[in-house]
Amino acid sequence: MILPLYGTAVLNHGFGAESPRVVARLRSLGTNEPSDGHDFYVVRSDTELVRSIEEKRSSIFVINDDVSLAGSAVSAFDRVLSVSAKFEYLRSGDVVGVHVPTGRFRTLFRSNSRHNSFLVTERCNNYCLMCSQPPKDVDDRWILDEIRESLPLLPKSTPTLTFTGGEPLSDWARFIDILADCRDLHPDTAIQVLTNGRAFASSEIVDAWKAVNHPSLIAAIPVYASVDYIHDYVVQAKGAFDETILGILKLKDRGQRVEVRVVLHAHTAPTIAETSRWISRNLPFVDHVALMGMENTGFAIANENSLWIDPMDYRESLSEGVRTLADTGINVSIYNLPRCVLDASIWPYAVQSISDWKNGYVEECRRCIEKSKCSGLFTSGRPRQSRGIRAIQ
Amino acid sequence: MARFVAAKAFGSPSGELTLLPFNFERTGNAQFLVSNMVGDFIRLTEDEINKVIDLKLNPGDGLYEKAYAAHLITGTQQKAQQQLLALRLRSRMSFLREMTPLHMFVVTLRCEHSCPYCQVSRQSTDRSRFDMSEATAQRALDIAFESKSSRIKIEFQGGEPLLNFDLIQKIVHAAKAKSATTGKKADFVIATNLALLNDEILRYCKDNEVLLSTSLDGPPDLHNKNRPRPGGNSYELAVNGIRRAQQVLGRDRVGALMTTTESSLDRVDQIIEEYLKLGLDGIFLRPLSPFGFAVKTKQYHRYDTKRWLRFFERGLRRILELNHQGTPFREFYSALVVTRMLTDKPIGYVDLRSPAGAGIGALVYNYDGYVYASDEGRMLAETGDNAFRLGHVNTHDYSSLVLSDTLIDTISASLTQCAPECSDCVFESHCGANPVHHHATQGDIVGIKPLSDFCERQKGTMRLLLDMLENSPRDAAILRSWASI
Numbered sequence: 001m002i003l004p005l006y007g008t009a010v011l012n013h014g015f016g017a018e019s020p021r022v023v024a025r026l027r028s029l030g031t032n033e034p035s036d037g038h039d040f041y042v043v044r045s046d047t048e049l050v051r052s053i054e055e056k057r058s059s060i061f062v063i064n065d066d067v068s069l070a071g072s073a074v075s076a077f078d079r080v081l082s083v084s085a086k087f088e089y090l091r092s093g094d095v096v097g098v099h100v101p102t103g104r105f106r107t108l109f110r111s112n113s114r115h116n117s118f119l120v121t122e123r124c125n126n127y128c129l130m131c132s133q134p135p136k137d138v139d140d141r142w143i144l145d146e147i148r149e150s151l152p153l154l155p156k157s158t159p160t161l162t163f164t165g166g167e168p169l170s171d172w173a174r175f176i177d178i179l180a181d182c183r184d185l186h187p188d189t190a191i192q193v194l195t196n197g198r199a200f201a202s203s204e205i206v207d208a209w210k211a212v213n214h215p216s217l218i219a220a221i222p223v224y225a226s227v228d229y230i231h232d233y234v235v236q237a238k239g240a241f242d243e244t245i246l247g248i249l250k251l252k253d254r255g256q257r258v259e260v261r262v263v264l265h266a267h268t269a270p271t272i273a274e275t276s277r278w279i280s281r282n283l284p285f286v287d288h289v290a291l292m293g294m295e296n297t298g299f300a301i302a303n304e305n306s307l308w309i310d311p312m313d314y315r316e317s318l319s320e321g322v323r324t325l326a327d328t329g330i331n332v333s334i335y336n337l338p339r340c341v342l343d344a345s346i347w348p349y350a351v352q353s354i355s356d357w358k359n360g361y362v363e364e365c366r367r368c369i370e371k372s373k374c375s376g377l378f379t380s381g382r383p384r385q386s387r388g389i390r391a392i393q
Numbered sequence: 394m395a396r397f398v399a400a401k402a403f404g405s406p407s408g409e410l411t412l413l414p415f416n417f418e419r420t421g422n423a424q425f426l427v428s429n430m431v432g433d434f435i436r437l438t439e440d441e442i443n444k445v446i447d448l449k450l451n452p453g454d455g456l457y458e459k460a461y462a463a464h465l466i467t468g469t470q471q472k473a474q475q476q477l478l479a480l481r482l483r484s485r486m487s488f489l490r491e492m493t494p495l496h497m498f499v500v501t502l503r504c505e506h507s508c509p510y511c512q513v514s515r516q517s518t519d520r521s522r523f524d525m526s527e528a529t530a531q532r533a534l535d536i537a538f539e540s541k542s543s544r545i546k547i548e549f550q551g552g553e554p555l556l557n558f559d560l561i562q563k564i565v566h567a568a569k570a571k572s573a574t575t576g577k578k579a580d581f582v583i584a585t586n587l588a589l590l591n592d593e594i595l596r597y598c599k600d601n602e603v604l605l606s607t608s609l610d611g612p613p614d615l616h617n618k619n620r621p622r623p624g625g626n627s628y629e630l631a632v633n634g635i636r637r638a639q640q641v642l643g644r645d646r647v648g649a650l651m652t653t654t655e656s657s658l659d660r661v662d663q664i665i666e667e668y669l670k671l672g673l674d675g676i677f678l679r680p681l682s683p684f685g686f687a688v689k690t691k692q693y694h695r696y697d698t699k700r701w702l703r704f705f706e707r708g709l710r711r712i713l714e715l716n717h718q719g720t721p722f723r724e725f726y727s728a729l730v731v732t733r734m735l736t737d738k739p740i741g742y743v744d745l746r747s748p749a750g751a752g753i754g755a756l757v758y759n760y761d762g763y764v765y766a767s768d769e770g771r772m773l774a775e776t777g778d779n780a781f782r783l784g785h786v787n788t789h790d791y792s793s794l795v796l797s798d799t800l801i802d803t804i805s806a807s808l809t810q811c812a813p814e815c816s817d818c819v820f821e822s823h824c825g826a827n828p829v830h831h832h833a834t835q836g837d838i839v840g841i842k843p844l845s846d847f848c849e850r851q852k853g854t855m856r857l858l859l860d861m862l863e864n865s866p867r868d869a870a871i872l873r874s875w876a877s878i
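If you read the sequences in order, they're chains A and B. Residues 1 to 393 in this note's numbering are what the first sequence spells out, letter by letter. Residues 394 to 878 in this note's numbering are what the second sequence spells out, letter by letter.
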């Protein structure tokens, strides 16, 4: 299954002209949580519509394919948003961002998910061959405002949040402000930032990052090869390898946490044993290394012919790489690869990493005894199956 | 897709490449062993190494990738390669952050053993002549606590230090008082033959967390031949002592060291067996040192380095076999070398460090108050050579000892990083400067390395270990597990 995380509201009513963007937090009827101007009460039926009037709610969020349900009652509320039933997963505590003039909205936070991430920007100074979120050169700094407005609406109990892009540090000073907000508003929430790390080649930026003094912050940075031009080719940016490695060194020099990520495809997977050896020798102090199966979406589809490699064809190299890293004492994980394509000796490193909204299994998996521990497969983009997919008995 | 650019567009043309420092050695017909600045090894053919040196490299030719990943080359505009090397070098050298962590107190020169290889001890009952005085001990302790190390180790040496156990207790007591006021922690170890060990001493060691380090040369006949004492029962006393110490103090609180003599050379399996029988977790296969009585009694040249290397290799292979059969057991010297080769951990072990450890790694306070740059330095003094005498506890303090011309000259002249034959040696990153050894054997602190048994031994053990790491996966797995993580 795949959850739709963005769409267009079929109706929006009562929004003034002062701001084209609204951040809405969903609430349940019949509750007495403190609420402010961001809160919208979820209405799924006629009965709930009546109840919301009884409870004198001023803002409602209607989830129903029948537009007339919301349309019939706009006059009873200050503000009304209505979306189709395919968004029925939305529930109390979730946060959506709405562009009022067009009605376009995105789900920003799902309270019952372990995989909440904020897209910070679509801008990026890399142009990775397999990018799942192809960059756009647009001024989208409004997203930073939307995130800052959203953060106070999230529960304090949120275990983790991820910031992704694009390159989140494209507008680094404003992004650092967001990290400071996270520190102040959600001190118990672990923050992961998916960044290409190039910005950290600047001491000014690393110092600002450090100065946030966040209690649980990690920069997850890709390193695709031990050789400059191979990494630069994969990210389509000359000089990127040098900046990324410098960035990692500067972060660690200042005691900041760093995860190294290697996405496995035809340009990186065949050499993963060598790359792992290189990381072990040169970056043994990183906090985590994630070796990641590729999501076949975005640019990865455009470059499928040059990128696709069956995980069965790098199985040995991956096992060797994992052992090298583990032997060095590095905390290593395998992401996004189902157990059946991995040598059983490295199963302990394979984690269920695929975000819930795009995670799935195939028919063969029903008979598999490892399914409950398995990463499963991506359902997003144009999924490609390894010839190694086999139920483990 | 037209927007994507082909791989070759991202490589640096050779005009934008430059060499990074590396060392190399011809290993065979057109074959070279190459090490980068921090000692990562790669193998290149003659053609390849010439191409690297001439920067005739192109992305995609296989050699560029090999040379780049091994930090032999970098783009002229790049910084990361050099920063990585700098960082790793800094880590490897960071044993220097702990200045003089080891302080050896020769509490007496007297000993009831009369080992022919012993460098220093005296068979004498004259306490006043060969025991350290309390005043000397107190001054030595002051100096030890002046050293900049955050934590120091005080090792009691002899002679047989248990012959002056009273003084040991006084020093431990005084050191603990100093630790309490200065915050500088002190660990204690007694280097003893255990012949005089008794329940009272064991209880004291347990109460005061004092470690024991002893000698075990092998099976009874070998041990007793090497280590004669009245009664001929050195082996029995040592083994009983180790067992009792293991029971009372704990298995990790007593260690044993062997000394290799000519009689040991054909018996390495039996020697290892002795260590296994005692439940010890490994053995340090040591060479005989060329100091003191060992030189005088012609012990030192009784066997040459090649014979020692065969002994070492046989022992190491036996130990690896034990591991393959499921018995975890280490050869500690190999563990140190492999840790140097496979990691950037700071290893301050005396034979594997440059700058040398003389004075800045350890100071030796002799029974008579003279201070030496190393244990070997005081052994030389017993044979009349005061080259490594730094001063006296009554006239010197820590600064004047470690800043003495003798010490600075010794350390700076012997740096492997710039010494002839060392600075361009393919093993330089992993080796060490040994000025005292070269002074003793060649009369020169730098030494002529092609004539140096130290050099031959170091290269021999490193070649052996590198060969195992590269060509014997089973052995390599064990060796890697020894590289402390």
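The beta-carbon is built from N, C-alpha and C at its ideal position, and this holds for glycine as well. On a predicted model such as this, the values are computed, not experimentally measured, just so you know.
Distance check between D94 (chain A) and each of A:L154, A:A326, A:R104, A:D207 places A:L154 closest, using alpha-carbon atoms only. G360 (chain A) and L342 (chain A) do not touch by the CB rule: their CB atoms are close to 18 Å apart, not below 8 Å.
The beta carbon of W347 (chain A) is closer than 7 Å to those of R339 in its chain, skipping five residues each way along the sequence. Residue pairing from DSSP places F425 (chain B) in a beta bridge opposite B:R419, B:L437. If you draw a straight line from the Cα of R419 (chain B) to the Cα of V427 (chain B), it is about 9 Å long. Exclusion of the five residues before and after T275 (chain A) leaves V223, Y224, A225, S226, V262, T268, G321 as the residues of its chain whose Cβ lies within less than 8 Å of its Cβ. Between S514 (chain B) and the set B:V632, B:W875, B:R771, B:R707, the nearest pair of CA atoms involves B:R771.
Look at Y361 (chain A) here: in three-state DSSP terms it is coil, with no helix or strand label. Within chain A, R281 have C-beta atoms less than 8 Å from the C-beta of D433 (chain B), given in sequence order.
The three-state secondary structure of D580 (chain B), taken from DSSP, is strand.
Taking L5 (chain A) as the centre and dropping the five residues before and after it, the same chain places the C-beta of R106, T107, W357 closer than 8 Å to its C-beta, in chain order. Taking the CA atoms as reference points, Y758 (chain B) sits about 24 Å from L590 (chain B). Proximity of D78 (chain A) to chain B, defined by a Cβ-Cβ separation below 7 Å, is not satisfied. Under the three-state reduction of DSSP output, Y510 (chain B) falls in the coil class, being neither helix nor strand.
Only residues of its own chain outside the window of five on either side were considered, and among them L650, M651, T652, T653, Y726 have a CB closer than 8 Å to the CB of R679 (chain B), listed in chain order. Using a CB distance below 8 Å, the part of the stretch 476-504 of chain B facing chain A consists of Q476, L477, L480, R481, ordered along the chain. Taking the beta carbon of L249 (chain A) as reference, the chain B residues within 8 Å of it are A473, Q476, L477, L480, listed in sequence order. Contact note: V398 (chain B) reaches chain A through Q236, using a C-beta cutoff of 7 Å and chain order. Judged by DSSP in its simplified three-state form, S59 (chain A) adopts strand. In the structure shown, L3 (chain A) falls within a coil segment according to DSSP collapsed to helix, strand and coil. At a beta-carbon threshold of 8 Å, the residues of chain B lying near L246 (chain A) are K472, A473, Q476, ordered along the chain.
Contact with chain A is found for A462 (chain B), since one of that chain's Cβ atoms lies less than 7 Å from the residue's Cβ.
Per DSSP, reduced to three states, the secondary structure at L808 (chain B) is coil, with no helix or strand assignment. In this structure R387 (chain A) is exposed. Its beta-carbon is surrounded by fewer than 16 other beta-carbon atoms within 10 angstroms. Close CB contacts of I392 (chain A) within its chain, under the 7 Å cut and outside five residues either way in sequence, are with R339, C340, C368, I369, E370 (chain order). V50 (chain A) has its alpha-carbon roughly 22 Å from the corresponding atom of K86 (chain A). Cα atoms of L413 (chain B) and D454 (chain B): separation of roughly 19 Å, rounded to the nearest angstrom. In terms of Cβ geometry, Y791 (chain B) and S540 (chain B) form a close pair [threshold 7 Å].
Going by beta carbons, L81 (chain A) and F61 (chain A) fall inside the 7 Å limit. The contact set of V227 (chain A) on chain B, defined by CB atoms closer than 7 Å, consists of E458, Y461, A462 in chain order. For V499 (chain B), the uninterrupted beta strand (DSSP E) segment begins and ends at 495-499. One finds Y229, D232, Y233, K238 in chain A with Cβ atoms closer than 7 Å to the Cβ of F403 (chain B), taken in chain order.
Chain B has no Cβ within less than 7 Å of the Cβ of D287 (chain A).
Here E439 (chain B) really is in contact with F425 (chain B); their C-beta atoms are around 7 Å apart, less than 8 Å.
Per DSSP, the continuous alpha helix (DSSP H) segment holding M734 (chain B) begins and ends at 725-735.
With a 10 Å radius around the Cβ and a threshold of 16 neighbouring Cβ atoms, D36 (chain A) comes out exposed.
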